[in-house]
Each structure stands twice: as C-alpha cells, then as structure tokens.
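Asker: Input: one structure, supplied below.
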Amino acid sequence: MHIQFLNQQNKFLVSEAEAAITACLEQAFSRSALARASESSFTPQVNVSFVSEAVMRATNRDTRDIPKVTDVLSFPMLEMLNGEPVNPLQEADFHPDFDAYGENEKESGEDEEVSQDSEDTLPLILELGDIMICPARAAEQAENYGHSLLRELSFLALHGCLHLLGYDHEQGDTEEAVMFALQEEILTECGITRDLNDVVGATLLEDDENMISMATAEQNLPENFRSGFVAIVGRPNSGKSTLLNRLSGDELAITSPKAQTTRHNIRTVLDDGHSQIIFVDTPGIHRSHTKLDRYMTDSAWFALQDADLGLLLVDPAKGFISAVERVCCQKAEELGVPLILLLTKTDSMTKEELLPVIQRFSNFYAFADIIPVSALRDDNIDLVMARIREILPVGPRYYSPEAYTDQTERALAAEYIREQLLRFTHQEIPHYAAVEIEAFKEVFAEDGERTLVRIMASIITEKGSHKGIIIGKDGQSLKRIGQAARIKLETLLDCKVYLEIHVKVRKDWQNQEAILNSLGYVKGKAGPSSDDIL
Numbered sequence: 026m027h028i029q030f031l032n033q034q035n036k037f038l039v040s041e042a043e044a045a046i047t048a049c050l051e052q053a054f055s056r057s058a059l060a061r062a063s064e065s066s067f068t069p070q071v072n073v074s075f076v077s078e079a080v081m082r083a084t085n086r087d088t089r090d091i092p093k094v095t096d097v098l099s100f101p102m103l104e105m106l107n108g109e110p111v112n113p114l115q116e117a118d119f120h121p122d123f124d125a126y127g128e129n130e131k132e133s134g135e136d137e138e139v140s141q142d143s144e145d146t147l148p149l150i151l152e153l154g155d156i157m158i159c160p161a162r163a164a165e166q167a168e169n170y171g172h173s174l175l176r177e178l179s180f181l182a183l184h185g186c187l188h189l190l191g192y193d194h195e196q197g198d199t200e201e202a203v204m205f206a207l208q209e210e211i212l213t214e215c216g217i218t219r220d221l222n223d224v225v226g227a228t229l230l231e232d233d234e235n236m237i238s239m240a241t242a243e244q245n246l247p248e249n250f251r252s253g254f255v256a257i258v259g260r261p262n263s264g265k266s267t268l269l270n271r272l273s274g275d276e277l278a279i280t281s282p283k284a285q286t287t288r289h290n291i292r293t294v295l296d297d298g299h300s301q302i303i304f305v306d307t308p309g310i311h312r313s314h315t316k317l318d319r320y321m322t323d324s325a326w327f328a329l330q331d332a333d334l335g336l337l338l339v340d341p342a343k344g345f346i347s348a349v350e351r352v353c354c355q356k357a358e359e360l361g362v363p364l365i366l367l368l369t370k371t372d373s374m375t376k377e378e379l380l381p382v383i384q385r386f387s388n389f390y391a392f393a394d395i396i397p398v399s400a401l402r403d404d405n406i407d408l409v410m411a412r413i414r415e416i417l418p419v420g421p422r423y424y425s426p427e428a429y430t431d432q433t434e435r436a437l438a439a440e441y442i443r444e445q446l447l448r449f450t451h452q453e454i455p456h457y458a459a460v461e462i463e464a465f466k467e468v469f470a471e472d473g474e475r476t477l478v479r480i481m482a483s484i485i486t487e488k489g490s491h492k493g494i495i496i497g498k499d500g501q502s503l504k505r506i507g508q509a510a511r512i513k514l515e516t517l518l519d520c521k522v523y524l525e526i527h528v529k530v531r532k533d534w535q536n537q538e539a540i541l542n543s544l545g546y547v548k549g550k551a552g553p554s555s556d557d558i559l
C-alpha cells in the first residue's frame with residue numbers, strides 16, 4: 026500500500042506517527058474486498074495531509090458549509106459500501122506508478138515524456154482518496170480523552186480510511202456499531218492502545234495559522250474600518266475573472282475567451298490597512314443541464330446570499346436584459362444585498378452606444394451604481410474600488426492582513442492546468458474536462474527552503490476521442506499544456522516544479538456524485554441542487 030504523507034503545519038512533529046498510521050491503514054485495506062484483487066494487479070494509494078487549524082476550518086467551510094475546525098475529513102475517490110466497490114472498477118480508476126519509472130529523471134524537474142511502452146509496463150496505482158487531519162485539534166482531544174496524541178492521530182487516520190472504504194457511522198446505529206467495532210479491532214491489532222506512550226511532540230515553532238487565518242478579536246483596527254464580502258456574478262464570459270484579477274492585483278482566477286472558465290467560488294482578499302474586501306469570483310450563471318452545471322450555478326447564488334455587496338457584470342454588447350440579470354436582481358432584492366452594475370468590455374463601444382444600455386438597466390432596477398469599466402484599459406477601476414469601500418459596512422478583519430486567497434496551492438495548481446487546457450483545446454473538449462491533483466510533494470533544502478514541488482495531475486474527460494485530442498500527436502498537445510502550466514506554477518510556488526499530467530476517461534463524470542465530490546463539488550451549500558434554478 027502506498028501512503029503519501031504531506032505535512033502542512035508546523036506545530037507538531039507528526040512524522041513520528043507515520044509508521045503507526047501506515048500499519049492501521051494497511052490493516053483496514055486488508056479487510057476490504059479490494060485487497061484480494063490488489064495482490065497482483067495494483068497497489069492502493071491514500072494521501073494523508075496534516076494541516077493547521079486555519080486550513081481545516083476553511084476546508085470544512087468550503088466542503089460542508091461548517092466554518093469550524095474539525096479533527097479529520099476524508100475525500101473518497103471511489104464509491105464504496107462497507108469495503109465493497111458499488112460499481113466494478115474501470116480502467117480510468119487506475120494510473121501508472123510513475124515513481125517506479127526512476128527518481129533520477131524526476132529530479133531534473135523537466136517535462137520529459139514517458140514513452141507509451143514504458144508506461145504500459147509500470148505498476149498500477151488505485152487512488153482510494155485523501156484524508157486531512159488537524160493535529161492541533163487531535164492534541165486537544167487526546168488530552169480530553171486521557172490518551173496519547175499518537176493514538177489519536179492513528180485513530181483519526183483509520184477513521185478517515187474507513188470512510189474512504191465506504192463505512193459511514195452517520196447512516197444509522199447499525200452502521201455506527203460496525204464501523205466503531207472495526208476501528209477498535211484494528212487499533213488493538215496494531216498495538217495502538219490507550220496507554221501507549223506518546224512519541225509525537227509539539228515543536229518550538231508557533232503555528233502561523235496559515236495565510237488564510239481568521240483575524241483575532243484583539244486586533245487594533247482603524248476607526249471606521251470597513252470590511253465585507255463582494256460577490257462577482259453574471260453570465261458566463263462576462264469578464265468576471267479578468268475584473269477580479271485587475272481589482273485585486275493578483276492573477277488567481279483563470280481567464281479565457283471561452284465561456285464557463287470558472288467552476289468554483291474563488292475568494293481573493295484585498296487589505297489596505299483601512300478596509301478589507303473579500304472578493305468572491307463565481308462561476309457564470311447559466312441554464313443547467315448536468316449536476317456540475319447546477320453546482321456552478323448554486324455556487325454563484327450562495328455567494329450572493331453571503332455577500333455584503335454584489336457586482337453584477339454585464340456585457341453591454343448583448344443589448345438586452347437576460348433571464349440571468351433578472352434573476353440576479355430578484356435574488357439581491359430578496360436578500361437585501363445592494364448591487365452595483367458593471368458594464369464590462371466597454372473599450373469596444375462608444376459612449377453613444379452605451380447610453381441606451383445604461384438607461385435600459387436604470388429603468389429596470391434600482392442599482393447602487395452603474396459603472397462602465399474596461400479591465401484591459403483599467404477604465405474606472407479606481408471608481409469601482411471607491412464605491413465598494415463606501416458601501417461596505419464597518420466591520421472586523423475577517424482574514425489576516427497577509428492573506429490573499431482561500432485557495433490552497435494544490436487547488437491553484439489544478440486551476441492553472443485547466444487554464445492551459447482551455448487555451449490549447451477547443452470546441453466542447455475543455456468544457457467536458459476537469460483537472461485533479463493526485464500528488465503534491467514538496468522537497469526542502471537543509472535550510473528549510475522549498476526547492477522543488479512534484480505534482481502529478483490527471484485530466485478527466487468524457488470520451489476516448491477527447492483523450493486522444495488532448496494528448497495530441499506524439500503527445501505534443503499534452504506537452505504544450507504541461508509546459509505552459511509549469512511556467513506559471515513556478516512563478517506561483519517560487520521554486521522549480523516537476524509536473525506530470527496524464528489523461529483519464531470517465532464517462533458522464535459531470536453527473537456522477539462520487540467523481541464530483543472527489544473534485545471538490547460537494548452537496549449542500551456548495552453543491553448541486555436537484556433542479557435548474559433558472
């Protein structure tokens with residue numbers, strides 16, 4: 026069994042717990058139906074991340090709409106039930122073990138292609154999913170329960186692994202009894218008893234709560250400090266992501282001439298010492314045909330629901346008020362959220378052409394303001410910022426002053442790869458594809474400086490014909506995508522990047538809950554509704 030550990034916190038020396046966690050997870054897998062099939066055909070893999078309280082809080086908020094620190098979260102790759110796959114495994118569920126290809130080639134950080142013959146001979150990996158653990162919360166629980174942190178970390182990892190294997194104590198008393206009995210049995214068999222001595226200690230480093238930490242109530246803020254959430258909404262390809270990058274000064278939201286570039290809500294924080302504005306870039310609102318479409322549209326509506334101000338972006342060249350604008354205004358009125366109408370891409374229109382559009386929207390709805398803008402020429406960007414600061418309420422600093430986004434480096438890596446997929450492929454292909462980061466490994470020098478990040482990513486697409494187009498003749502198309510993404514990632518991560526991309530076919534993935542969940546599209550406040558909202 027492959028277990029990839031990733032430590033993203035600096036309060037506890039969790040490496041001391043890796044051996045015990047490995048033993049527990051191997052025992053859990055050995056009791057599943059997959060274990061018998063894996064003896065000769067594949068190796069299972071689980072990714073275990075240790076994160077700070079701030080990262081756990083943000084992840085719990087974004088995936089379950091619970092803005093609190095929890096102890097463990099799990100993200101299954103397969104649809105399982107009590108250790109049994111619900112559906113037969115498909116070829117797309119596996120990928121070659123590129124670590125077996127040789128570490129010497131990887132150290133160079135170059136985008137060297139693995140030949141098809143070589144790839145066919147590599148061992149296969151079956152990704153079971155990801156487990157995220159918060160050692161700080163685990164330490165609190167260990168003290169409350171009167172046992173070691175080592176036991177608590179092992180228990181949480183095992184608990185998360187059983188969720189990956191389809192056990193769920195929240196489904197009823199019987200399911201809870203089965204799962205908890207299995208946990209105790211495995212812990213005992215691995216020698217993880219309640220009187221076990223602890224080998225996991227706190228380091229002397231102070232946890233910086235990551236860049237997205239919540240600001241403390243004790244902060245001294247200037248008088249009349251204004252803060253709040255600003256939702257950027259509108260139709261696909263109305264210029265939302267381009268405007269966000271221009272307003273914030275950070276290129277975080279991917280942009281493309283193609284519609285539906287953004288799929289997740291992306292928060293970008295702008296703090297000038299006198300105000301803190303949290304911009305929320307949302308997917309384009311459009312009529313829904315799949316569960317993915319409904320997730321994207323719901324994300325926009327929920328961003329507006331939580332906002333202090335909405336920016337409704339409209340391309341004035343369309344010349345009419347669409348159902349999207351009508352519903353946005355209706356929802357904003359119901360929620361009591363003020364709306365600023367931004368007429369985008371005005372560099373291609375004269376003032377005479379704009380005036381009738383402004384009049385039409387002014388007669389339709391009582392906007393807080395109507396401002397023509399051009400993100401390409403910076404027209405009226407300063408005016409937009411001034412009006413936002415005027416409208417936002419006096420409030421607290423929600424994020425630390427150094428924060429700039431709620432997106433993890435892993436999530437941004439997936440977005441940057443998808444941006445290049447949009448750039449180098451055309452027609453329906455990029456809209457039927459998604460990017461999944463399967464491994465994100467960091468290499469550090471002796472002085473603690475990060476020198477290399479190894480990223481293994483999969484492009485998931487609907488059809489075998491799409492896979493061939495994405496790869497291209499002799500792999501040239503996929504190589505172009507990889508090289509362009511790597512250049513941007515090296516700027517973002519400020520170190521050398523080894524990027525490996527392969528392509529999987531998963532039919533109808535946009536309607537499969539398990540796949541959508543693994544890609545971060547979850548039920549509830551950040552997930553698909555049962556009906557098309559428009």
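Numbering (the working numbering), first residue to last: 26 to 559.
All C-beta atoms in this analysis are idealised placements derived from N, C-alpha and C, irrespective of residue type, glycine included.
Values in this document were obtained by computation on a predicted structure and should not be read as measured data.
On the DSSP bridge list, what partners appear for Pro421?
Answerer: What you label residue 421 is simply residue 396 of the sequence shown in a count that begins at 1. Paired residue(s): none; Pro421 is not in a bridge.
Asker: Since Met157 is in the beta strand (DSSP E), which residue starts that stretch and which ends it?
Answerer: The residue you call residue 157 lines up with position 132 of the sequence shown. Note, Met157: beta strand (DSSP E), Leu149 to Ile158.
Asker: To the nearest angstrom, how far is the alpha carbon of Ser387 from that of Gly197?
Answerer: Translated into positions along the sequence shown, residue 387 becomes position 362. Translated into positions along the sequence shown, residue 197 becomes position 172. Distance between the alpha carbons of Ser387 and Gly197: 54 Å.
Asker: Taking buried to mean at least 16 other C-beta atoms within 10 Å of its own C-beta, is Phe345 buried or exposed?
Answerer: Reading the sequence shown from its first residue, position 320 is the one you call residue 345. Phe345 should be labelled exposed.
Asker: For Gly253, is the classification buried or exposed, using 16 other Cβ atoms within 10 angstroms of its Cβ as the cut-off for buried?
Answerer: The residue you call residue 253 lines up with position 228 of the sequence shown. Buried: at least 16 other Cβ atoms inside 10 Å.
Asker: Which whole-angstrom value describes the C-beta separation of Ile257 and Tyr424, a residue pair presumed to lie in contact below a C-beta threshold of 8 Å?
Answerer: Within the sequence shown, residue 257 is the residue found at index 232, counting from 1. Within the sequence shown, residue 424 is the residue found at index 399, counting from 1. With a Cβ gap of about 18 Å, Ile257 and Tyr424 do not count as contacting.
Asker: Could you give the first and the last residue of the continuous beta strand (DSSP E) run that contains Tyr523?
Answerer: Position 498 of the sequence shown, counted from the start, is the residue given in the question as residue 523. First-last of the beta strand (DSSP E) with Tyr523: Lys521 to Val530.
Asker: Look at the Cβ atom of Lys172, then the Cβ atom of Arg219, and state whether they are nearer than 7 Å.
Answerer: The residue you call residue 172 lines up with position 147 of the sequence shown. The residue you call residue 219 lines up with position 194 of the sequence shown. In the sequence as displayed, the identity of residue 172 is His instead of Lys. Yes, the pair counts as a contact, with Cβ atoms nearer than the cut-off.
Asker: Using only alpha-carbon positions, find the residue among Thr371, Leu189 and Ser40 that is nearest to Pro160.
Answerer: On the sequence shown, position 135 is the one that residue 160 refers to. Minimum Cα distance to Pro160 is reached at Ser40.
Asker: Our contact map puts Ala182 next to Leu174 with C-beta atoms below 8 Å; I'd like the distance itself, whole angstroms only.
Answerer: Residue 182 sits at position 157 when you count from the first residue of the sequence shown. Residue 174 sits at position 149 when you count from the first residue of the sequence shown. Not quite, the Cβ-Cβ distance comes to about 12 Å (not below 8 Å), so this is no contact.
Asker: Threshold first: 4 residues or longer. Then list the alpha helix (DSSP H) segments lying entirely within the stretch 169-220, N to C.
Answerer: Listed in chain order, they are 174-189 and 198-214.
Asker: Suppose contacts are defined by Cβ-Cβ distances below 7 Å. Is His527 in contact with Ser490 by that definition?
Answerer: Stepping through the sequence shown from its first residue, residue 527 is reached at position 502. Stepping through the sequence shown from its first residue, residue 490 is reached at position 465. Contact flag unset, no.
Asker: Can you give me the C-alpha to C-alpha distance between Ser281 and Ala509, rounded to a whole angstrom?
Answerer: Locating residue 281 in the sequence shown gives position 256, where the first residue counts as 1. Locating residue 509 in the sequence shown gives position 484, where the first residue counts as 1. Here the model assigns Ser281 a pLDDT of 38, short of 50, so the residue's position is not dependable and the matter cannot be decided.
Asker: My output table needs one value for Val409: the three-state DSSP class, helix, strand or coil.
Answerer: As a working note, residue 409 is residue 384 in the sequence shown. Three-state DSSP puts Val409 in a helix.
Asker: At the level of alpha carbons, what is the spacing between Asp499 and His120?
Answerer: The count along the sequence shown starts at 1 and reaches residue 499 at position 474. The count along the sequence shown starts at 1 and reaches residue 120 at position 95. Each residue's alpha carbon lies about 19 Å from the other.
Asker: What is the residue span of the beta strand (DSSP E) that Ile346 lies within?
Answerer: Counting from one through the sequence shown, the residue named residue 346 turns up at place 321. Run containing Ile346: none; DSSP gives neither H nor E here.
Asker: Roughly how many angstroms separate the alpha carbons of Ala391 and Leu366, rounded to a whole number?
Answerer: By one-based count along the sequence shown, residue 391 stands at place 366. By one-based count along the sequence shown, residue 366 stands at place 341. About 10 Å.
Asker: Going by DSSP, what residues sit across from Gly259 in a beta bridge?
Answerer: Counted from its first residue, the sequence shown places residue 259 at position 234. In the DSSP output, where bridge partners are listed per residue, Gly259 has Leu338.
Asker: Three-state secondary structure (DSSP) at His491?
Answerer: Here the question's residue 491 lines up with position 466 in the sequence shown. In this structure, His491 counts as helix in the three-state DSSP scheme.
Asker: Let's test the definition: count the other Cβ atoms within 10 Å of the Cβ of Glu78 and tell me whether it reaches 16, buried, or not, exposed.
Answerer: Position 53 of the sequence shown, counted from the start, is the residue given in the question as residue 78. It is buried - the Cβ of Glu78 has at least 16 other Cβ atoms within 10 Å.
Asker: For Arg475, which residues does DSSP report across the bridge?
Answerer: Counted from its first residue, the sequence shown places residue 475 at position 450. Per DSSP, Phe469.
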